[in-house]
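**Student:** Mind looking over this structure? Questions follow.
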Amino acid sequence: MHADEPTPEQSNFTPDAAPPEPAAADAVPADCNTAAAPGDAIPNGTDGSVSASAIAPDGLAVAPLESTELPADTVSEAIASDADLANLTARKQALLQEIGELQALKTGAIAAQADDFQNTLTRITDESLKPLERRRQSLLAAVEQLERRRDRVREEMRTTFAGVSQDLAIRVQGFKDYLVGSLQDLAIAAEQLELASPEPPPPPPEPRSNRNTAREATNAPPSPELVAQRFEEQARRIRSILDQYRQFPDYYGPPWQLRRTFEPIHAERVRQWLFEQAGRGTIRSLGSRLQNILIASACISVLRALYGDRVRTLVLANSPERLGEWRRGLQDCLGISRSDFGPERGIVLFEDPEALVLKAERLRENKQLPLVAIDETEGSVNLSLLQFSFWLAYAPDPKRTSSYEY
Numbered sequence: 002m003h004a005d006e007p008t009p010e011q012s013n014f015t016p017d018a019a020p021p022e023p024a025a026a027d028a029v030p031a032d033c034n035t036a037a038a039p040g041d042a043i044p045n046g047t048d049g050s051v052s053a054s055a056i057a058p059d060g061l062a063v064a065p066l067e068s069t070e071l072p073a074d075t076v077s078e079a080i081a082s083d084a085d086l087a088n089l090t091a092r093k094q095a096l097l098q099e100i101g102e103l104q105a106l107k108t109g110a111i112a113a114q115a116d117d118f119q120n121t122l123t124r125i126t127d128e129s130l131k132p133l134e135r136r137r138q139s140l141l142a143a144v145e146q147l148e149r150r151r152d153r154v155r156e157e158m159r160t161t162f163a164g165v166s167q168d169l170a171i172r173v174q175g176f177k178d179y180l181v182g183s184l185q186d187l188a189i190a191a192e193q194l195e196l197a198s199p200e201p202p203p204p205p206p207e208p209r210s211n212r213n214t215a216r217e218a219t220n221a222p223p224s225p226e227l228v229a230q231r232f233e234e235q236a237r238r239i240r241s242i243l244d245q246y247r248q249f250p251d252y253y254g255p256p257w258q259l260r261r262t263f264e265p266i267h268a269e270r271v272r273q274w275l276f277e278q279a280g281r282g283t284i285r286s287l288g289s290r291l292q293n294i295l296i297a298s299a300c301i302s303v304l305r306a307l308y309g310d311r312v313r314t315l316v317l318a319n320s321p322e323r324l325g326e327w328r329r330g331l332q333d334c335l336g337i338s339r340s341d342f343g344p345e346r347g348i349v350l351f352e353d354p355e356a357l358v359l360k361a362e363r364l365r366e367n368k369q370l371p372l373v374a375i376d377e378t379e380g381s382v383n384l385s386l387l388q389f390s391f392w393l394a395y396a397p398d399p400k401r402t403s404s405y406e407y
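Okay, so the sequence shown: first residue is 2 according to this note's numbering, each after it adds one.
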């Protein structure tokens, strides 16, 4: 080692080491003795001491300083600290590099998992859609096949005997409907004809005295007491029937007997029509055709209980739909069947008031009692209907919201 090169003890010199005390009384301060120009080489001895002349400024005479030497433990501690610092720095760099690598691995793993999940989801979706796609293809093929079959059938109908036969069948059905309607009109016209009945043979002559006695008995008016008694008996029976319908309804009773729940409002309407209007008048509608049919059914049932099969009900409505609702309602309320409806049955349905009047007149001539029931939708009443013994009409109630029209 050359004399001008710094020793390890000089390179590891720290400012914390105490400077050496001056050897003589005229020595300069330590700060003056240690000043040196930058870049100047500081000579030192072979034993690691620093001379005072080496660090003295130019032009000053400085007494030589005594040589000093740093402790060995301080130097070793400094060397160990530098080594530990270098190790820690290297370890820090290694850890930072490892963290970067781990982050890169994490990012790659997350991306790989996302790709795997997307691929798995796509595969599951494709597998789930495959049966639907096959079904769709089969349905499209079936639709195409049916369309071709339809076109072929239409072509055959236009060009072959089958199509011509179907056309002829349609025309024959139309002519059949025309004939049936004509025959029905003819039957109604035949019913309206008044044929002269054969005259019975003249009875044998009776003695004059017997003839006068029979004539007097026939022309004698009934006794007022008998008429009043008969009316009281009928009124008592009517009240008994209405009370039975209201208090003890029989839902499985015989035909022509009311089979539905009879509320007090229904009983009030029937009593008003029978006792106050004598079976000939208009009552307030309940706002529903079914409720009005229930009232008409109660009237029919009461009159049949009094007069039997002589009572024939004639219903007037201005459309087949409303007549159909009347038929279903009467069947439901009276427990009758469809066979009880017809020109010669217990109930007859009419759309035309003129035909109803003709039918009622023939029934009256045959000693029967026609009961005319007029639907609420009839805006006007034919005056010819007012001549019969029993007729029932419905007037709209302004206090109720009607659900009649449809």
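Ideal Cβ placement from N, Cα and C applies to all residues, glycine included.
This structure is a prediction, so every number in the text was calculated from the model and none was measured.
#1: If you count every other CB in all the chains shown that lies within 10 Å of the CB of Q258, and 16 or more means buried, which is it?
#2: Based on the DSSP secondary-structure assignment, which residues constitute the bridge partners of F391?
#3: In angstroms with no decimal places, state the Cα-to-Cα distance between L124 and L106.
#4: Can you round the beta-carbon distance between L317 and D376 to whole angstroms, since I take them to be within the 8 angstroms contact cut?
#5: Which residues mark the beginning and the end of the alpha helix (DSSP H) in which V303 is found?
#6: Buried or exposed for Y395, going by 16 or more other Cβ atoms inside 10 Å?
#7: Which of the three DSSP states is assigned to I242 in this structure?
#8: So R313 and Q369 are supposed to be a Cβ contact under 8 angstroms. How far apart are they, rounded?
#9: Express the C-alpha separation of I266 and S183 in angstroms, rounding to a whole number.
#10: Using a Cβ-Cβ cutoff of less than 8 angstroms, which residues in the same chain neighbour Y246 once the five nearest sequence positions on both sides are dropped?
#11: For P371 and A361, which I take to be in contact (beta-carbon distance under 8 angstroms), what is that distance rounded to the nearest angstrom?
#12: If L281 and F391 are in contact, beta carbons under 8 angstroms, what's the gap, nearest whole angstrom?
#13: What number of angstroms, rounded off, separates the C-alpha of E338 from the C-alpha of L307?
#14: Are the Cβ atoms of A297 and A374 separated by less than 8 angstroms?
#15: Are the beta-carbon atoms of P250 and L335 separated by less than 8 angstroms?
#16: Starting from L315, trace the beta strand (DSSP E) both ways and give me its first and last residue.
#17: Is the Cβ-Cβ distance between L275 and I239 less than 8 angstroms?
#18: Give me the Cβ distance between L386 and P354, rounded to the nearest whole Å; I'm assuming they're in contact under 8 angstroms.
#19: Does the beta-carbon of G347 have 16 or more other beta-carbons within 10 angstroms, so that it is buried, or is it exposed?
#20: Assuming L291 contacts G330 under a Cβ cut-off of 8 angstroms, what Cβ separation, rounded to an integer in Å, is found between them?
#21: Just the Cα atoms here: how many angstroms apart are Y416 and A190?
#22: May I have a chain-ordered list of the beta strand (DSSP E) segments no shorter than 3 residues that lie completely inside the stretch 126-152?
**Tutor:** To lay it out plainly:
#1: Taking the first residue of the sequence shown as 1, we reach residue 258 at position 257. Looking at its Cβ environment, which holds 16 or more other Cβ atoms inside 10 Å, Q258 is buried.
#2: By 1-based counting over the sequence shown, the position of residue 391 is 390. Per DSSP, the beta bridge partners of F391 are L372.
#3: Numbered from 1 along the sequence shown, position 123 holds the residue referred to as residue 124. Numbered from 1 along the sequence shown, position 105 holds the residue referred to as residue 106. The displayed chain sequence assigns Arg, not Leu, to residue 124. The alpha-carbon atoms of R124 and L106 are separated by roughly 26 angstroms.
#4: Position 316 of the sequence shown, counted from the first residue, corresponds to residue 317. Position 375 of the sequence shown, counted from the first residue, corresponds to residue 376. Right, their Cβ atoms sit about 6 angstroms apart.
#5: Locating residue 303 in the sequence shown gives position 302, where the first residue counts as 1. Looking at the DSSP string, the run of the alpha helix (DSSP H) that includes V303 is R290 to Y308.
#6: Here residue 395 is taken as the residue at index 394 of the sequence shown, counted from 1. Around the beta carbon of Y395, 16 or more other beta carbons sit within 10 angstroms, so the residue counts as buried.
#7: Along the sequence shown, one-based indexing puts residue 242 at 241. In this structure, I242 counts as helix in the three-state DSSP scheme.
#8: Against the sequence shown, residue 313 aligns to sequence position 312. Against the sequence shown, residue 369 aligns to sequence position 368. Sure, about 5 angstroms apart at Cβ, within 8 angstroms.
#9: In the sequence shown, counting from the first residue as 1, residue 183 sits at position 182. In the sequence shown, counting from the first residue as 1, residue 266 sits at position 265. Cα to Cα, the separation comes out at about 45 angstroms.
#10: Position 245 of the sequence shown, counted from the start, is the residue given in the question as residue 246. Here the set comprises L259, F263, A268, A299 and S302.
#11: Sequence index remark: in the sequence shown, residue 371 carries index 370 (1-based). Sequence index remark: in the sequence shown, residue 361 carries index 360 (1-based). Their Cβ separation, rounded to whole angstroms, is 4 angstroms, which keeps P371 and A361 in contact under 8 angstroms.
#12: Reading the sequence shown from its first residue, position 280 is the one you call residue 281. Reading the sequence shown from its first residue, position 390 is the one you call residue 391. Residue 281 is actually Arg in this sequence, not Leu. The C-beta separation of R281 from F391 comes to about 6 angstroms, placing the pair in contact by the 8 angstroms criterion.
#13: Counting from 1 along the sequence shown, the entry for residue 338 is found at position 337. Counting from 1 along the sequence shown, the entry for residue 307 is found at position 306. For the sequence presented, residue 338 should be read as Ser rather than Glu. S338 and L307: Cα-Cα distance of roughly 22 angstroms.
#14: Translated into positions along the sequence shown, residue 297 becomes position 296. Translated into positions along the sequence shown, residue 374 becomes position 373. The answer is yes: Cβ separation under 8 angstroms.
#15: By one-based count along the sequence shown, residue 250 stands at place 249. By one-based count along the sequence shown, residue 335 stands at place 334. No.
#16: Within the sequence shown, residue 315 is the residue found at index 314, counting from 1. Per DSSP, L315 is one residue of the beta strand (DSSP E) stretching across V312 to L317.
#17: The sequence position of residue 275 within the sequence shown is 274, counting from 1. The sequence position of residue 239 within the sequence shown is 238, counting from 1. With respect to I239, L275 sits close: the two C-beta atoms are nearer than 8 angstroms.
#18: On the sequence shown, position 385 is the one that residue 386 refers to. On the sequence shown, position 353 is the one that residue 354 refers to. Cβ-Cβ separation between L386 and P354: approximately 7 angstroms, consistent with a contact (criterion under 8 angstroms).
#19: As a working mapping, residue 347 is identified with position 346 in the sequence shown. The residue in question, G347, is buried, as its Cβ has 16 or more Cβ neighbours within 10 Å.
#20: As a position in the sequence shown, residue 291 is number 290, starting the count at 1. As a position in the sequence shown, residue 330 is number 329, starting the count at 1. Between G330 and L291 the Cβ distance is about 6 angstroms, and since that is below 8 angstroms, they are a contact.
#21: Here the chain has residues from 2 to 407 only, and residue 416 is not among them.
#22: Listed in chain order, the beta strand (DSSP E) elements of length 3 or more contained wholly in the stretch 126-152 amount to none.
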